[in-house]
Amino acid sequence: MKGFLEKVSGFSGKEFLMRFRIILGKNLIQQYAYNRELPTVFSCADCLIQGEGPMAVIKQKTEPRAFFIGRIIGRRGKSGQLFGLSTTGKEFHQVILTRTVEQCVTELEGRFILIRVKDNGAYEICCDRFGQLDLYYQSVGGGVVFATDLSLLPFQNGKIKYDQASVVHSLYVYGFRPPKRHTLYEGVRRLGVGDVATWCDSRLGFHQVPPIALPTQEYNKKDLVRYSEMLLDSIAKRSSPKGNIVFLSSGWDSTSLLASLVKIRGKKNVKGVIGRFNFSERTGINNPFEIKRAQAVADYVGVKLNIVEIDYWRRGPDIVEKIGGFLRSHMLSGMSLFHWARLSEYLAKRTDGEALFSGEISDGAHNLGFSQFLTLFHPVHDFREYSDKMLCYLFGPTFFKSISTGKFKDDLVFNLIKNKFGEKIYDEPAKDPADCARQLLSSFFLRDNRFPFWSLRNNKMMTEHGRALYSDVFENEYIKQPAQQVTPETLYSWFLHLYNSFHWQGGTVSSLNSVTEHFGLQMNLPFYDSRLHEFLAAMPESWGRGLEIKPTKYPLKWMLENRIDYPWHLQVGPHSYLYDVDPNFNHAAEFIFRSAFAPAIRKMLEQRSFEDILSREVFDLDYFHRVVDHYLRGDEIVAERTDLSALCFLSLTGWYGQKAAV
134 MKGFLEKVSG
144 FSGKEFLMRF
154 RIILGKNLIQ
164 QYAYNRELPT
174 VFSCADCLIQ
184 GEGPMAVIKQ
194 KTEPRAFFIG
204 RIIGRRGKSG
214 QLFGLSTTGK
224 EFHQVILTRT
234 VEQCVTELEG
244 RFILIRVKDN
254 GAYEICCDRF
264 GQLDLYYQSV
274 GGGVVFATDL
284 SLLPFQNGKI
294 KYDQASVVHS
304 LYVYGFRPPK
314 RHTLYEGVRR
324 LGVGDVATWC
334 DSRLGFHQVP
344 PIALPTQEYN
354 KKDLVRYSEM
364 LLDSIAKRSS
374 PKGNIVFLSS
384 GWDSTSLLAS
394 LVKIRGKKNV
404 KGVIGRFNFS
414 ERTGINNPFE
424 IKRAQAVADY
434 VGVKLNIVEI
444 DYWRRGPDIV
454 EKIGGFLRSH
464 MLSGMSLFHW
474 ARLSEYLAKR
484 TDGEALFSGE
494 ISDGAHNLGF
504 SQFLTLFHPV
514 HDFREYSDKM
524 LCYLFGPTFF
534 KSISTGKFKD
544 DLVFNLIKNK
554 FGEKIYDEPA
564 KDPADCARQL
574 LSSFFLRDNR
584 FPFWSLRNNK
594 MMTEHGRALY
604 SDVFENEYIK
614 QPAQQVTPET
624 LYSWFLHLYN
634 SFHWQGGTVS
644 SLNSVTEHFG
654 LQMNLPFYDS
664 RLHEFLAAMP
674 ESWGRGLEIK
684 PTKYPLKWML
694 ENRIDYPWHL
704 QVGPHSYLYD
714 VDPNFNHAAE
724 FIFRSAFAPA
734 IRKMLEQRSF
744 EDILSREVFD
754 LDYFHRVVDH
764 YLRGDEIVAE
774 RTDLSALCFL
784 SLTGWYGQKA
794 AV
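The opening position of the sequence shown corresponds to residue 134 in the numbering used here, with each subsequent residue numbered one higher.
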């Protein structure tokens with residue numbers, strides 16, 4: 134492959150922001166050849182790569198044969214171990230040149246985009262096995278443009294149309310973002326988990342690296358030791374001799390990282406950072422329990438804790454002005470990303486190459502997200518933890534088996550939690566086993582309330598046509614294949630696989646990497662490790678996921694008690710926020726009604742610009758107008774709060790084609 138290769142600049146250790154565009158197709162290349170928005174990295178008759186950020190060029194003799202964008206952690210061995218790799222090392226280049234693209238996806242650990250050039254001149258493009266980096270694409274003008282953010286695609290130059298099913302998901306399901314392959318815009322897609330795009334003879338095609346569905350196994354004490362060694366190694370391989378900073382909360386996940394890093398790197402090379410949140414004058418500091426416990430944990434392990442004042446009562450909209458365009462180009466919205474931005478803004482002025490850590494995705498990986506003490510409110514926290522296990526049980530293999538026989542209707546746990554919800558609507562169980570599996574998976578990933586057979590008819594924002602469209606699009610795209618293949622033994626495997634297309638690429642998790650990179654920092658998520666995911670996919674229900682007496686996150690808590698010096702005695706009392714003692718406290722309500730963001734939100738909603746992105750065929754616009762009317766009058770209606778807050782978050786971030794507030 135003959136082409137022109139620009140010198141790829143080195144990186145100082147604080148330049149992790151990736152902005153790349155890959156243009157395939159001769160006519161398109163001519164259009165972009167003189168575009169100076171991004172520097173040219175590589176150019177030939179069939180391919181143009183423009184961009185800036187961490188990138189390695191892999192050559193065979195003198196010819197470029199692959200381009201690796203992002204970060205490599207290591208390579209999986211035949212026995213499952215992880216060997217460290219560097220993009221500058223010979224072994225890394227040898228792996229890229231000798232493995233198929235499917236093998237690269239399976240064997241390489243990291244967060245990356247890989248572009249391969251085949252002997253016949255065809256191109257293959259893929260992401261890491263979890264799809265941690267977004268790669269958007271648009272077919273246009275006889276070619277295709279791939280890009281790491283939406284602002285680099287040409288769709289903005291024409292009339293913008295909105296993908297209504299994706300808009301529904303962004304407003305309906307926590308995470309405020311479409312599923313992995315989708316965007317808010319018609320004609321614009323993202324590369325999905327395991328997807329490989331091919332460009333050959335001027336045609337775009339796709340195939341998929343099949344997901345690995347592991348059956349559950351019986352584990353014993355040796356497996357607890359194995360888990361501990363894998364997690365500690367995952368942390369070690371992502372740590373830095375320059376220093377390590379943990380985004381700290383008071384929970385098990387981030388504090389386990391803090392204590393583990395002290396064990397691995399020593400307390401002089403570890404710090405914590407936490408935000409002290411003040412959303413409004415009325416409630417004041419809303420995470421006092423979290424601050425107190427995080428400080429106690431930091432004191433115990435002997436590290437400094439930096440407390441960042443995140444004062445949304447007095448300031449807030451300035452951060453939207455600073456990074457609004459960036460957020461829009463990545464479809465990021467929700468409260469979490471503003472927290473990450475404030476912490477990143479603080480650290481960007483005070484760090485120099487340290488590795489950042491977060492305990493995100495641990496909840497989902499260990500207990501399907503049911504480990505927040507929120508299932509049943511009760512003053513006894515041990516009971517609240519057990520109630521989390523009850524919900525986890527309802528999406529586990531034992532309950533799954535009872536669905537096919539119809540016995541689930543008499544299940545005590547199912548009826549206990551169902552009765553808590555009051556008079557709600559539930560879908561009738563299907564008769565076909567694959568359809569039953571589809572219903573269970575949809576109840577988890579395509580509903581605002583994760584409960585078996587929870588009906589879309591409980592939500593008021595959609596029309597009947599909208600509900601049908603939403604189910605049809607996303608069940609066919611994401612749920613149908615797993616539902617046909619899942620068994621009780623592989624159920625957890627499929628849950629973890631689908632998590633990558635839903636919550637883990639949503640506004641809470643995905644924004645962590647994107648926002649920190651925007652501020653020149655590099656985030657590490659040690660629980661996003663393929664070895665750990667394979668372990669947890671095969672972990673039995675009896676290890677903290679069912680109705681036995683083991684705690685949630687059982688292997689993690691065993692490690693903390695038996696393998697590292699951890700202040701177990703501090704994990705008592707209220708968990709983090711005011712809602713731990715007051716179930717009526719709500720973060721979203723404080724944010725949209727009483728914070729410094731409220732005037733900006735009111736101004737946006739007064740324009741009713743949501744009418745431009747919401748189709749009347751899909752959404753009940755009269756309902757949204759009533760909700761907005763109530764908000765503008767200052768009426769805080771609990772039943773409308775979830776839908777209102779999602780609309781507010783989307784309006785704050787905005788969308789391409791949105792009318793400006795005047």
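Just so it is clear, CB atoms sit at the ideal spot from N, CA and C, and this is done for glycine as well.
Check                                                                                                                      : Outcome
Option in L218, P344 and S335 with minimal Cα separation from R371                                                         : L218
Span separating the alpha-carbon of G276 from that of A772                                                                 : 47 Å
Buried or exposed by the 16-neighbour rule on C-beta atoms within 10 Å, applied to G539                                    : exposed
Chain-order list of residues whose beta-carbon lies under 7 Å from that of H651 (same chain, five-residue window excluded) : L150, I456 and F459
Alpha carbon of Q271 to alpha carbon of H315, nearest angstrom                                                             : 12 Å
Boundaries (first-last residue) of the beta strand (DSSP E) holding A638                                                   : Looking at the sequence itself, residue 638 is Gln, so the reference to Ala does not match. Note, Q638: premise wrong, no beta strand (DSSP E); not H, not E.
Reference F635; option with closest CA among G497, E478 and S748                                                           : G497
S477 vs T649 beta-carbon contact at 9 Å                                                                                    : yes
Exposure of G435, with buried meaning 16 or more beta-carbon neighbours within 10 Å                                        : exposed
For R696 and Y712, the rounded distance between their alpha carbons                                                        : Below a pLDDT of 50, predicted positions are generally treated as unreliable, and Y712, at 49, falls in that range; the measurement from the model is reported next regardless. Cα-Cα distance, rounded: 33 Å.
For Y687, the first and last residue of its enclosing beta strand (DSSP E)                                                 : Not the beta strand (DSSP E): Y687 falls in the alpha helix (DSSP H), residues Y687 to N695.
I452 - DSSP class collapsed to helix/strand/coil                                                                           : helix
Start-to-end residues for the beta strand (DSSP E) that takes in M737                                                      : First-last for M737: A731 to E739, but that is the alpha helix (DSSP H), not the beta strand (DSSP E).
Beta-bridge partners of A488, as assigned by DSSP                                                                          : N377
The segment 247-263 contacting the segment 206-215, beta-carbon criterion three pairs below 8 Å                            : no
Cβ-based neighbour list, Y710, same chain, cut-off 8 Å, excluding 5 preceding and 5 following                              : The pLDDT assigned to Y710 is 45, lower than 50, so where the model puts this residue is not dependable; a value taken from the coordinates is nonetheless given after this. If we look at Y710 and ignore the five residues flanking it on each side, its Cβ neighbours are N419, N420, F422, E423, F718 and H720.
6 Å CB neighbourhood of F153 in its chain, flanking five on each side removed                                              : G184, I202 and T281
Closest Cα partner of T641 within the set A427, F554, Y318 and F782                                                        : F782
Cβ contact (3+ pairs, closer than 8 Å) linking the segment 537-551 and the segment 574-594                                 : yes
Status (buried if at least 16 other CB within 10 Å, exposed otherwise) for N253                                            : exposed
Limits of the alpha helix (DSSP H) - the one that H499 falls within                                                        : S495 to N500
N-terminal and C-terminal residue of the alpha helix (DSSP H) that A567 is part of                                         : P566 to F578
Simplified DSSP assignment, three categories, for T531                                                                     : helix
Own chain partners of V234 with C-beta closer than 6 Å, once the 5 adjacent residues on each side are dropped              : R249, E257, C259 and V329
Beta-carbon proximity check, P530 vs L645, cutoff 9 Å                                                                      : no
Status (buried if at least 16 other CB within 10 Å, exposed otherwise) for A166                                            : exposed
DSSP bridge partner residues for S272 (one or two, in chain order)                                                         : V277
Length of the line joining the Cα atoms of P311 and E744                                                                   : 19 Å
Backbone CA spacing between H666 and V406 [nearest angstrom]                                                               : 27 Å
Option nearest R517 by Cα separation, candidates N353, T685, F471 and A729                                                 : T685
Inter-residue CB distance, L465 and S647 (contact presumed, cutoff 8 Å)                                                    : 6 Å
Alpha-carbon to alpha-carbon, R198 and V190                                                                                : 8 Å
Which of helix, strand or coil DSSP assigns to R152                                                                        : strand
Coarse secondary structure for L438, derived from DSSP in three states                                                     : strand
I452 versus A474 - alpha carbon distance                                                                                   : 8 Å
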